[in-house]
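Here is the structure we will look at, set down as structure tokens.
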Amino acid sequence: MEFALASGIGVLTACGIYLLLRARSFDVILGLTLLSYATNLLIFAAGRPVIGKPPVLREGVAETLANYTDPLPQALVLTAIVIAFAMTAVAIVVAMRSRADNRSDHVDGREPDAGGKQ
Amino acid sequence: MLELLLALPFVLALLVAILRNVPRAATAWLAASAPLLGLAILAWYTPAVMSGEIPQVTHAWIPQAGLLFDLRLDGLAWMFAGLVLGIGVLIVMYARYYLSSSDCAPRFFAYLLLFMGAMLGMVLAGNLLLLVVFWELTSVSSFLLIGYWTHRKDAREGARMALTITGAGGLALLGGVLLLGKIAGSFQLDVVLASGDAIRAHPLYAPMLGLVLLGIFTKSAQFPLHFWLPHAMAAPTPVSAYLHSATMVKAGVFLLARLHPALAGSDLFFYTVSGIGAATLLVGAWNAIFQHDLKGLLAYSTISHLGLITLLFGLSTPMAVVAGVFHILNHAVFKASLFMAAGIIDHEAGTRDMRRLGGLRRLMPFTSALAIIASLAMAGVPLLNGFLSKEMFFAEALEIRGHDAMRLGVSIAAFLAGIFGVAYSLRFVHDTFFGAPPDLGREIHEPPRWMKIPVEILVVACLAVGVVPALTIAPVLETSARGVLGPALPEYSLAVWHGFNLPLLMSIGSMVLGVTLYFGLRRLFDIHAVIRRSLGRRVFRGNVQALLRLAWRFTYAIANGNLQRYLLLTVLAALVLAAAPLADGALLAGAGAGQPMPVLGWVVWAVLAAAAIATVALHRQRLLALVVIGAVGLAVSLVFVFLSAPDLALTQLLVEMVTIALMLLALNYLPQESPKGRSRLRRVRDLAIAGAAGIGVTGLVYATITRPSQTIAGELLARSLPEAYGSNVVNVILVDFRGFDTLGEIAVFGIAGLVVHALLRRSRLTPTEVIPGGPALLPMPANLSQLLFPLALAVSVYLFLRGHNQPGGGFIAGLVLAIPLLLQYVIQGSQYVEQRLGFDYVRCIGIGLLAAVGTGVAAMLFDLPFLSSGHADPVLPLFGPLPLASALGFDIGVYLVVFGGAMLILSMMGTVKPRRKAPPAATGDAAPRGTPA
Amino acid sequence: MIETAVVVAMYVVGLAMLLSLWRLLRGPTVPDRILGLDTLYVNTIALLILFGMHLDSSIYFEAALIIAMLGFVGTVMLSKYVMRRDIVE
Amino acid sequence: MKRFLPSLPLSLAVFVLWMLLVSNFSPAQAALGLALAVALPLLADMLAPERARFGRLPVALKLGAVVLVDIVRSNIEVARLILGPERAISPGFVQVPLDLRNIHGITALASIITLTPGTVSAELSEDRRHLLVHCFNLRDADQVVATIKARYEAPLKEIFP
Amino acid sequence: MAHLPVLPVLVPLVAGALMLLVGRRIGPQRAIAWTAMAALLATAALLAREADRGEILVYLLGDWPARLGIALTVDRTSALMVLTTALLAAPCLLYACSGWDRRAPHFHALFQLQLAGLNGAFLTGDLFNLFVFFEVLLIASYGLMLSGGRGPRMRAGLHYVAFNITASTLFLVALGLLYGLTGTLNMAEMSLRVAAADPDDVALIQAASGILLVVFCAKAALLPLYLWLPETYSHAPAAVAALFTVMTKVGVYAVLRVYTLVFGSEAGELAGWAWDWLLPAGIATLVLASLGALASPTLRAQVSWLVIASAATLFIAFSLDTPASVSAGLYYLVQSTFVTAALFLIADMVRRQRGKAGDRLDIAAPLGHKAALGLLLLVAGVAVAGLPPLPGFIGKFALLAAVPDGRVALVWTTVLVTSLLALVAMARSGSQLVWRAEAFPDGAAAPRPPRTAQRIAAGVLLGYLGALMLVSAPVLRYTDAAAAQLLAPAPAADAIRGTAPTKRAPSP
Amino acid sequence: MSTAFEIMMVALLAVGAFFVLVGSLGLAKLSDFFKRLHGPTKASTLGVGCVMIASIGHHAVLGDGLGLRELLITGFLFITAPISAHLMAKAALALAAEDPRPSLPPRDEPQAGEGDGPRRAETGGRRS
């Protein structure tokens, strides 16, 4: 299972990075979204997740890591998800504005063949 | 008192600069008062200094770094201070009349005083670092002075060249001084001067000497760094007269004298300094002959004389040092007067070009007489001060011991320089004052009375020193030479007549040959036709241009404004730094065994991987990519579900929905498709990098999570219920253990809302594509969503209230509140919703933040740290016990901020107004179909 | 017995998910993909409930509830985008 | 009364939902549920385009039973078709003219049509007089329309007069 | 007083939240902003005084032991950073109050939240909390930079945003790995665990911290990650760009904090490994940034390059890893923050006085109010080029003096040569902008003079430099002590771990 | 726990899973969007419904007592499924109107004047 988790994260990372290196703002933002999935899973994985032991305390079950999975990475991931969303929102609005103001959705604000060096 | 002496120029510079509207005469008097008062103070110190005392004051500045504010007035400093102040007075007086009415006098005098102060500080400094401080200050203030006529290109260029060269020297000097301080163990001049032997024996002596000499040589315009000096002649003449006779260029030789006891005495010093000095002496003198500009001639002559002084200090015998100090004085006096005379000629005739001048002897006889006397002093004619020091120089050149080749070389150089000196002095005199009067189209007459007085004073000094040196200059010379040499001061006599000896013969010979050379050259060819372009300047300019070009090319080849490159470099940097320690296969050492993988897990894995890869494959068709990425999000939440993270699964699901909404809203204003990237190679390269990163991350994660965990989380589990009163530990961490994180997180979320609001509030954007027709009417979905809305709100309240004990909580509840509302926007249209349900989302964020912070602050009232949780169990009649945790208050803040933030973002994006006029079709975008509604 | 049935049912639902995924990736039209995604969500609800039975825990109920309640929002928005481009008019 | 409880069924729905959610029938939860049952419909009412008026509600129970039975029946039918060869399926659109004028009624009808497998309500004409229904397997358009009108629309007309 | 460490975060946070309640009226916004500013200045000063007693102030948020919750830790360095930020923010705010705050929606709220983020990043002792505050300050900076802007600023903004999100993603990757390997997020606790790490884990920890280093260097604009900065800073509004000068320092600070505490002298096998990477990178960056300053087409771009150069100088100073060099670096950090900020303000004033030519260096154009602007530019130029007597020189020579013998040749050459390049660059731009200014054509009125608030703001920043020059000795004493504290992290780590909660039971 | 209960549970699960699968199978197998649209309806009604009832029974007997919460899921699905189906159909229709290639009926159905008689749409065939 660990390998599946790790390789899933790897696939997400690879896809995210490929898109990150594209030239259009929307593609870059898609890449960042994929990357944020990858990082969320990565942090989550750092808590050595197990099946069926959610960290919600039940009566009569000893409060140890044997009975519950590590809650801390989950809290971190929650924070990270929220922050990633906020960042995505800002990035996409900036992309919209940049496209509107610069008449191109190329990340550099100009079409590569039209602009050339500044 | 020394502090006062030093402070005077600075204070008055400030005063002059502030009092801009007083008459020019008052400004000049104000400016002159600084050197005058300074001279008075100096005079007060004179008896003490002459008797060998060294007045000194020390203040701490940065004692731990060895930088003390230490002023020290020994003989050398006394002599230089006198020179700086004395000539300063005359320059101020002269400048008062020199400056035209269009020149801004307060600025000039302020700069001049600033420079004077810097010079004074440098000569008075008793701490080497302090000396460097003032040294650099002279560079800066001379930059301002040289560039005073800012409208002239040559002035600006000259100033920058001077600053560049002397600034570079200053930095080298800083390095040298730091080394010197390291070697000597102190930056105090007393200590350094006393430890000469230790310094010379130190292994770092050579680099230190190199750096210090670089500073000295740049400042005193030594070959091959001399070329800045002639270009500094673009300055107003008083500036040239001051900087290039008594002060700026003398700073270099001053330092040579100052550090002489510490540095001199090695072969390295001897050969370098005297070699460079000799070269400068000859190059300067030879070039001086071929200048057409009066000031240019004087500038090259200055270079030559500075070479002479340097050479003398290089020779390092006590007598040579005395001669050097003596020549510093003499040169200052005659060169200042010559510059002033040149200024007068320029002022009156309107030109300084010797090819156009001539016969001035008849038009301005008095000035001519003064100038001729001064130039004879420059040529070293007997009965003038120049003769005396030149005689001493010849004598010293012949006295060199132990280095026979050097003795021959230096003697020949001295003799040649003497010849050249006579020749260029003659050219100065002959071309300017003799011959036919020029026709310059203007009346040429004697300058104002006061303009001549400074020249007169200086020429008289030349004569006085030349005729009766023992009565005039001897005590000064002795005092100042003792400042350098200390008790090692040799016996010498200052007299015009030393008998008929070899130096005298050389003097006479050089004079005869000089005259012959000048007239011979005239006879051979027309000197006036010789244009000598300054090689140094060309090289400098070429180098600066090349540097600029290089900088430009380099900078914009790297920082080419291409985000892809920046991101690529970032990814690569991370790859390299992460891979470097694992290169030797340490990755999998220590990895433990994993858990078994259920088949269903592979299904989720397949969904995840397939959807992610499909997102990449489809990314150019953006809408499709968005649909597919939704499946990635779903798969990720499934992973969370299976691996025991219900809160995360909920959050991920909700955020996924909001993200899709966000992207769709944005996609309306972006092209629907990405054009194909140009280069296949680049795609392959990116794929390779992405693949490497993916494999790397897989390896790192696998290696990490198969190791045993050492987490502290066990303690969190154990303390969650008894101390934080919540059984959903994730939520307890969020609102209690790590509530501060959450506070930051909601701040981020709220700010995101504000940023989107700020960016979209007033902007008008054009949708890429407008489908004709009115807004879609969706009566049935509207009706059903009506039904859904209150139910969803109830679920939201439910999730919020139970969050502390079961999956849920403020964040999830906030989104469960926001998404149904968003649905209303989508189905009913924004106008409809906002008219009926007008929330001020911005305020909602503010209140939420305050609620969260307020809950935390409440703990402070109980003397507990911020965010400490409290707990109460009031029993209400009828309802029974009501568990209340303060975390609930915090969670309310989260709830409000998340709701407000999400809705602010989405509603702003949903209500962007279309631009009134469609912009011209952008290149690369799909042409808009239809017309904006 | 029940336990086995639950596990088998989970596999069946898993298979259903893969089929939906196939449609999602295959297309050919955008509504087809939207439909695929929507079905994926519905399948997920079933899977979550089954998983809750499998673990004998009601902790995943909320997730299923949320998907049932709000999972269609994505579908609505995507469909509206296809229709109008401007999802909030 | 209308002012504070704009829609009694909705309030009831909220209350039931709440009690089901908390699964805890303590007085405190009941009170909270009641409070929400009052507050949330008020909030929702602000957005309501047209208020629903209810006629004979008991008919609804009967209709519900009919629909449930139909769902099961047509589910089996559709499953059979899906598993069988695709050639056997002949889909098609049908225009259902509406007698219902009430949007709530139309919505309910459209929902029922969609929920029963084999038919999906695709579009409501702008004048709300026709419902475009897609049938999975269309043999006789008239019969389909008649069934819909008789089985579903008639009771709905009673519920939403 | 007991709550002092948390106030630098709370005060601006509350002020920012209040801003949202008062709506768009500028008057109350300014009132809140200045009240908060005054409170922040007072707090920062008190904090620095407290920190100078030499003890580490530990503030346990939520009264949890440091390893369970989040602890704020105040040592001399973090107090110095907070004070610098507060001192910098006041003139920036003043400058913005001369009109920009009306044009940029939410300016005041974003400004306060940015301060909260900065202070949080300086004070926190928890790695994940550091991430959170990084994000707070970054997202606020996006808003500050882009609010009210258009065109090229949007393009620069897109780069800035995308780049920083990427860096933040890497940050999370590093954090996840570090947590997975050490099981804690508290830096003090982590330092203990890193020091006692299983030999098999060392390489992995190193890889994770390598990624972390990339993140910090990206924020601090170090080679090869600095390329985003000139574009961003030169397109930001003046007051914001001036405030941003402290943001690169956050990255530098983070490196200093994490790589002295967690991977510092007591980290066993990992002790100080980061410095080996940073010295060459710092040197290369310094050279390239100086060339960039030389090549800049506009004054603001030039200043941006100088910001990079100052960060690079700091990396050099810190990577030498001796108390004296770290101390010199801290001193240099403070002064370079002020001087580059002042230059951004001056550049903006110059730009406004030159009509269409803006701050472009290759065009000669008339310059209104030449004397005052020229003087400001001169002083700032002297300071930024590291000429005496301003603190730039003091910082530089303190740094040079602190270079250990083995590195003298390399570091000295770099620092001295790049100082010369900076000098040439500043002389070039000064003479192009001020000296080459033509007279205004007849009939054309000179532009309106810079507002008093703007001039005062720039003057205050330069005044800081003057003050810093005069009180260099005590400041350097402070930084000496701060450096000693940083380089001997064991007592700090013990203090953080050992601080007992007020009411709760300590961690076993 | 009686055998009858067990059998009932297994049956419910089997039926539920079966319909979920059939729904997705239809989605994957059928050739035309409107045909496919019918598949998932099964999953969301009978499929999920049966699983839901099974779950209620499971939790009531094996778990922590009777809770009817699962009913809510079905309830919500009954509200939301028509919305999404309706909108997807509309989207497909809109796409067809915009791009005449796919085999979908024209958008401008005759509405008034044709009388209220039912009318089979001509183009809704299986042309793909």
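So the sequences go chain by chain: A, B, C, D, E and F. Heads up: the first sequence runs through residues 3 to 120, numbered per this note's numbering. Heads up: the second sequence runs through residues 86 to 1018, numbered per this note's numbering. Heads up: the third sequence runs through residues 28 to 116, numbered per this note's numbering. Heads up: the fourth sequence runs through residues 2 to 162, numbered per this note's numbering. Heads up: the fifth sequence runs through residues 5 to 512, numbered per this note's numbering. Heads up: the sixth sequence runs through residues -10 to 117, numbered per this note's numbering. Where a beta carbon is used, it is the ideal one built from N, C-alpha and C, also for glycine. Bear in mind the structure is a predicted one, so any value in this text is a computation, not a measurement.
Ignore the nearest five residues each way along the sequence and tell me which others in residue i's own chain have a CB closer than 8 Å to its CB.
i	result
R101 (chain A)	S27, D107
G93 (chain D)	H135, C136, L139, A142
With a threshold of 16 other CB atoms inside 10 Å of the CB of residue i, please say whether the residue is buried or exposed.
i	result
L952 (chain B)	buried
D100 (chain D)	exposed
L946 (chain B)	exposed
N890 (chain B)	buried
P892 (chain B)	buried
G621 (chain B)	buried
Between residue i and the rest of its own chain, which residues show a CB-CB distance below 7 Å, the 5 nearest in sequence each way excluded?
i	result
H110 (chain E)	G147, S151
A746 (chain B)	L907, L991
T71 (chain C)	I94
A313 (chain E)	L290, A293, S294, A297, T422, A426
R437 (chain B)	D378, L379, K380, A427, I430, D431
L16 (chain F)	R25, G28, P29
Please return the same chain residues whose Cβ sits closer than 6 Å to the Cβ of residue i, not counting the five positions on each side in sequence.
i	result
L247 (chain E)	C96
G390 (chain E)	G396, F397, K400, S423
A275 (chain E)	S269
L11 (chain E)	T47
Give me the DSSP bridge partner(s) of residue i.
i	result
L132 (chain D)	D:V97, D:L125
Q706 (chain B)	B:E758
Y63 (chain E)	E:L76
L185 (chain E)	Answer by DSSP bridge pairing: none, since L185 (chain E) is not bridged.
Could you round the C-beta distance between residue i and residue j to whole angstroms and report it? I think they count as a contact, below 8 Å.
i	j	result
V136 (chain E)	G829 (chain B)	4 Å
V311 (chain E)	T252 (chain E)	6 Å
F725 (chain B)	A734 (chain B)	4 Å
L66 (chain F)	L92 (chain C)	The Cβ separation is near 10 Å, so there is no contact.
Problem set entry | Uninterrupted beta strand (DSSP E) stretches inside the stretch 26 to 93 of chain A (no shorter than 3 residues) | As far as the stretch 26 to 93 of chain A is concerned, it has no whole beta strand (DSSP E) run of at least 3 residues.
Problem set entry | Any alpha helix (DSSP H) of 4 or more consecutive residues that is wholly inside the stretch 359 to 391 of chain B | Taken in chain order, the complete alpha helix (DSSP H) segments of 4 or more residues contained in the stretch 359 to 391 of chain B number zero; there are none.
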